[in-house]
Structures are given as structure tokens and as C-alpha cells.
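Structure record follows, encoded as C-alpha cells.
Numbering (my numbering), first residue to last: 186 to 458.
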């Protein structure tokens with residue numbers, strides 16, 4: 186069987202296409218985030234991270250990935266879910282067996298075929314390379330992960346028409362131990378005026394922190410995978426911690442039509458004695 190590598194689709198658009206330039210951008214973003222709210226004593230099991238161009242949401246994304254720095258040596262597998270933007274799909278789309286790795290300008294990330302095989306028979310899981318070919322919601326997370334983790338294996342799933350229960354069931358199957366990190370890719374509200382967006386996104390973030398599972402697509406473009414993670418977090422006893430909240434009007438856009446961004450880290454609850 187001939188296998189192939191999924192090439193980068195949005196390099197040069199969402200982030201730099203030249204490896205040295207990309208590395209400098211990510212190093213700078215992580216350096217800016219590392220002095221902030223890093224979970225230095227408790228490893229996150231899951232992250233919720235925005236997926237816009239780095240000029241817009243890169244600072245917020247870096248807040249999430251900086252949380253991994255003290256624990257990077259433990260993480261060998263990343264389960265990465267994000268919403269489909271270009272190709273409609275029912276359920277969760279995995280790559281076909283023809284794809285062996287995803288590439289960015291920083292190199293190739295091998296797929297964890299054993300994990301993909303473990304969920305292949307679930308009715309909500311389908312296979313489509315077309316869904317993955319131009320999807321940016323997963324791709325933009327990879328250079329950050331490559332920089333922070335070094336070598337790891339990827340379990341990429343693009344989420345289309347589904348529900349929280351179906352997504353949570355897939356996450357339960359892939360949960361693993363400390364070697365497995367779950368990353369959910371999602372922005373918040375889209376194209377409201379700045380003040381209105383701030384009110385909407387603050388309310389959405391509060392519900393995420395409460396592990397609500399009824400986030401709507403107009404509140405977060407990745408609402409379905411977000412809701413699935415929050416349901417799984419309830420099942421596994423995780424708590425959520427906000428790392429930041431902003432929108433494109435705070436970073437590189439005008440304030441008449443903004444997109445919201447947040448970063449959350451979810452980890453096992455700490456019980457004080």
C-alpha cells in the first residue's frame with residue numbers, strides 16, 4: 186500500500202511558511218506566555234486553543250501550549266480535534282490509512298495508527314482525506330506542538346455534524362494516561378462589534394469553566410468538540426482553568442467585526458487536605 190504525507194495547506198497564510206521564520210515566531214510567542222499563568226505543578230490533560238492566524242490568536246494559543254513546557258517529556262501522543270470549515274462531514278473524520286503523517290514547515294508528525302484503528306469501528310467515526318486536506322483548525326496547532334513536545338504521534342479528527350455524547354465516547358476510547366494530551370481547536374464568537382463580542386465571549390467562557398455541554402456554534406465555532414471534551418471532563422473528574430480571553434480587536438484587527446479567542450487548560454482536580 187502506498188502511503189503519503191498530508192502537506193501543510195495554510196503555511197504562508199495562517200503562519201510563516203519558512204521554517205526559520207516560523208520557529209522564531211513560535212519561540213517569541215511562547216517566551217511571552219511562559220512568564221504568565223503556567224500550570225507549573227499540575228499537568229493539563231486537555232487544552233482548548235484558538236485556531237486563527239498567528240497574528241490574531243497566536244498569543245492566546247501560546248498561553249495554552251506554554252502550560253505543557255514543564256511536562257513535555259511525558260507526552261507522546263496528541264489527540265487533536267477541530268471543526269470542519271471547508272468540507273461537510275457527518276461525525277468525526279479520521280484520515281485514511283493512506284496517510285502516514287502530517288507535515289508543517291518544521292517537519293513531519295507521524296500518525297498513531299494504533300489509536301486510529303481503536304476508534305475506526307465506532308459508528309460516528311468516518312475516514313476522509315478530503316476533509317483533512319485544506320482544514321486549518323488542526324494544522325495551525327501542529328507547529329506549537331512540534332516546538333513544545335518535540336517528537337510525538339498524532340491522532341487527528343475533524344468534527345462535523347455530531348453531538349457531545351458521540352465526541353465524548355471517542356475521547357473516552359482515546360483517553361490514555363499521562364502520555365496522552367487532548368487538544369480541542371476552537372475560536373469563540375464571530376463578527377460582532379467589540380463590546381458585544383466581549384459580553385458574549387465572557388459568558389461563553391464562564392459556561393466552559395462550569396463544564397457546560399450546550400455551547401452553541403454561534404458562541405464557539407468548535408462547539409461540538411468543545412462540548413464533547415467538557416462532557417468527557419465531567420466523566421473523568423477534570424476541572425477547567427481559564428488562561429486568557431481576548432479577540433481580534435485586541436490583537437491585529439479592527440473592532441467593528443471581531444473574532445473571539447480563549448485558552449483553557451483542563452486537569453485532574455486537586456483535593457486539598
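Cβ coordinates follow ideal geometry from the N, Cα and C atoms, glycine included. If you're wondering where the values come from, they're calculated on a predicted model, not measured in any experiment.
Residue nearest to residue i in terms of C-alpha spacing, selected from the options
i           : options            : result
residue 263 : 238, 356, 313, 273 : 356
residue 433 : 413, 378, 200, 417 : 378
residue 331 : 260, 374, 401      : 260
residue 214 : 238, 444, 193      : 238
residue 440 : 423, 419, 380, 450 : 380
residue 361 : 297, 448, 307, 203 : 297
residue 302 : 402, 386, 190, 358 : 358
residue 258 : 336, 290, 248, 250 : 336
residue 316 : 306, 279, 309, 300 : 279
residue 246 : 291, 387, 329, 205 : 329
residue 196 : 207, 189, 349      : 207
residue 234 : 417, 366, 422      : 366
Residue environment, residue i, which counts as buried when at least 16 other CB atoms sit within 10 Å
i           : result
residue 354 : buried
residue 372 : buried
residue 393 : buried
residue 324 : buried
residue 351 : buried
residue 458 : Confidence at residue 458 is low in this model, with a pLDDT of 33, below 50, so its placement is unreliable and no value can be given for it.
residue 193 : buried
residue 243 : buried
residue 200 : buried
residue 276 : buried
residue 376 : exposed
residue 305 : exposed
Sheet register partners of residue i (DSSP bridge)
i           : result
residue 370 : 234
residue 451 : 231, 425
residue 397 : According to DSSP, which records beta bridges pairwise, residue 397 is partnered with nothing at all.
Continuous alpha helix (DSSP H) stretch holding residue i: start and end
i           : result
residue 350 : 349-359
residue 411 : 408-421
residue 210 : 204-219
residue 328 : 327-334
Segment limits, beta strand (DSSP E) that includes residue i
i           : result
residue 293 : 292-295
Counting Cβ pairs closer than 8 Å, one from the stretch 380-390 and one from the stretch 334-348, do we hit at least three?
no
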